[in-house]
Structure formats: structure tokens, C-alpha cells
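In what follows, a structure is listed as C-alpha cells, so that the remarks can point back to it.
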DNA sequence: TCCTTAAAGATAATCATTATTAATTAGAAA
DNA sequence: TTTCTAATTAATAATGATTATCTTTAAGGA
């Protein structure tokens with residue numbers, strides 16, 4: 001199990017440790033863009049001895065190595081996303097919920113737009129939509 | 141001077157204080173999305189007695205009252221933007237520079253897209269593009 | 001000018017994140 | 001399998017942005 005993840009670590013010359021596997025699994029399991037604190041809390045059960053510093057360091061490592069993405073938030077507390085496919089985010093102004101929003105058609109429209117309209121003196125690496133609003137009641 | 145700003149405060153029933161004027165002026169003057177720290181540093185000259193807590197409180201107040209916008213960043217340190225017109229941001233991956241990117245045509249394209257393609261169970265309030273990349277050398 | 005209350009100043013407290021350093025362990029080599 | 005060593009982790013302290021508290025000040029209406 002975790003073959004993809006373990007392979008990716010090895011490819012990059014990184015050791016496969018118990019902690020790294022546990023933290024990655026936790027992000028996958030928690031879904032909805034957990035904070036470092038969410039991850040630490042969740043790990044308390046299964047791995048009560050993984051230290052806080054390790055979680056932060058490992059998360060950083062994952063971001064640097066394209067295993068996770070960082071999600072910026074309104075209050076500055078970082079959250080993490082295991083979905084690597086290009087996608088956008090829906091930010092709820094009432095709760096702190098962040099949902100993925102995948103929309104290939106929209107992404108294509110935007111990419112095509114920038115193919116035709118280059119930004120002067122700026123080389124685009126990535127484009128992300130932050131869609132702010134409210135989820136309707138009764139939805140999850 | 142500062143009529144717009146002073147009026148806006150009064151409209152909301154907020155007092156026009158020396159500190160608020162100074163902080164607002166500073167954000168205008170510094171441009172490029174200053175942090176609270178940038179603002180505090182700048183104010184040291186002209187208003188050495190404005191306290192740190194006041195700067196944070198006033199910035200929050202301005203954001204709540206639509207006089208400034210908060211700009212999320214990669215490291216979680218908040219920055220502030222006096223440009224209220226709808227616009228997007230260019231994030232430089234090499235420096236911490238954030239530039240405004242105004243593009244009415246693009247905004248229209250996106251807005252039209254969402255008029256035709258509603259997001260299920262989500263009411264959009266605002267859409268912002270985070271364009272990550274690199275400024276070419278020799279540019280400012 | 002006076003009075004009331006919101007706002008500011010000073011300071012301490014909080015909390016997410018980072019740094020430090022000694023102990024542990026993954027994984028290569030023997 | 002055992003040994004070795006650098007990379008990794010744990011524990012802890014430190015940092016730094018932001019917030020809370022509480023006393024003093026001052027904006028703006030009467």
C-alpha cells in the first residue's frame with residue numbers, strides 16, 4: 001500500500017519514514033484541507049508520539065516536493081491539499097470551509113486567454129481562482 | 141484633503157482620528173501591499189507614538205468597512221491593499237512582490253462564464269485570480 | 001466648554017510556526 | 001544480518017505576528 005507515495009519519496013531521494021507515511025495518510029483521510037493542527041490532533045490516536053515540529057517539517061517537505069499543496073487562508077493559518085490536479089477553491093465566508101472546484105472548461109478558457117494576452121514582463125507559472133461566497137444551507 | 145476617506149468613516153459612524161488618517165495615508169503611500177509591520181515602520185518617523193495594537197485594530201476596522209482589502213500570502217503574513225476596484229494579483233515566486241493585475245476583459249469573461257454555469261449550492265460573492273509566476277529581470 | 005463613549009497606548013498574552021540539539025532510525029554497505 | 005552514518009525525529013525553547021486587557025485619552029455632540 002501507499003506505493004505511489006513511497007515511490008515518489010524514493011524518486012526524490014527522501015527516506016520513507018513511519019511519520020511521513022502517517023502524515024500523508026492523514027491529509028488524505030481528513031480531506032477538506034486540514035491545518036497542521038488538525039493533522040496533529042488526528043494523529044494523537046494512532047501515533048501519539050509524532051511531535052509537532054515533525055508535522056510542520058514534513059508538511060513543508062511535501063509541499064517542496066509536490067506531494068501536497070499549501071492553501072492560503074483568510075486568517076493566515078495554512079492548510080494543505082492532497083489534490084494535485086489543477087483546480088480552484090471555493091471559500092465560504094460564513095464557515096472556514098474550503099472546497100475544491102475542478103472545472104476543466106473554465107481552466108481552458110483562462111489558459112487560452114493568457115496565451116493570446118501575455119502579461120508584460122511576467123512569466124505565468126500557475127493560475128488559481130479564489131471563489132469566495134456562501135454555501136447554501138442544508139448542504140453537508 | 142482625504143475627503144473621501146473622512147466621509148466614508150463618518151458614513152459608518154466611525155470617528156475620524158489622527159491615527160486612522162495616518163494609517164490610511166500610509167497604506168496609500170506605500171502602495172505595493174504593505175504588511176502591518178511595513179506600516180508601523182513607516183509611521184515611526186511621522187507618528188512615533190502610534191502603537192502596534194492600534195495599527196492592527198485600525199487595519200481590521202478598515203477591512204470590515206471596505207476601505208482596505210486583505211491580501212493573503214504564501215507565508216501567512218497579511219498584507220493590505222487600498223485598491224478597491226475589482227482586480228487580480230500577480231504573485232512573484234522569487235521575491236515577495238505582489239502586483240495588481242486589472243483586466244476588465246478577463247473579469248467579464250469569468251463573470252459571464254459563471255452566469256451561464258452556476259456552481260451547485262454555492263452563491264458567489266467574489267472571484268479573484270491568483271496568478272503565480274516570475275517577473276522578468278530588470279523590471280523594477 | 002463639558003461630557004460621554006469610542007478609540008488609543010502600553011503591556012502582556014496567545015498561538016502558529018521555526019529553531020535547536022540530542023537521540024533515533026532508514027537504508028546503504030559490509 | 002549486522003554495522004555504520006547521515007538523515008530524521010522528539011523534545012523543548014524561541015520567535016514573531018497578532019490579539020486581548022485595561023487604563024488613559026480625545027472625538028465630536030450637547
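Residue numbers (the numbering used here), protein chains in the order written: chain A, 1 to 140; chain B, 141 to 280.
Ideal Cβ placement from N, Cα and C applies to all residues, glycine included.
Note that the structure is a prediction, hence the values are computed from the model and not measured.
- The Cβ atoms of residue 198 of chain B and residue 260 of chain B lie no closer than 8 Å to each other.
- For secondary structure counted as the alpha helix (DSSP H) over 4 or more consecutive residues, the region 165–252 of chain B holds these complete runs in sequence order: 176–186, 192–204.
- Interface residue (Cβ-Cβ distance to chain A less than 8 Å): residue 205 of chain B is not classified as such.
- Residue 3 of chain A: member of the alpha helix (DSSP H) spanning 3–11, first to last residue.
- Secondary structure of residue 270 of chain B (DSSP, three-state): strand.
- Collapsing the DSSP output to three states places residue 120 of chain A in coil.
- The C-beta distance from residue 50 of chain A to residue 61 of chain A rounds to 14 Å, too long to meet the 8 Å contact threshold.
- Using a Cβ distance threshold of 8 Å, residue 125 of chain A and residue 272 of chain B count as a contacting pair.
- For residue 135 of chain A, the chain B residues whose Cβ falls inside 7 Å of its Cβ are 261, 262, in order along the chain.
- By the criterion of at least three beta-carbon pairs nearer than 8 Å, the region 90–109 of chain A is not in contact with the region 235–242 of chain B.
- Rounded to the nearest whole angstrom, the CA to CA distance from residue 112 of chain A to residue 230 of chain B is 18 Å.
- Nearest C-alpha to residue 227 of chain B among B:247, B:210, B:217: B:247.
- Within the region 212–223 of chain B, the residues whose Cβ lies closer than 8 Å to any Cβ of chain A are, in chain order, 212, 213, 214, 216, 217, 218.
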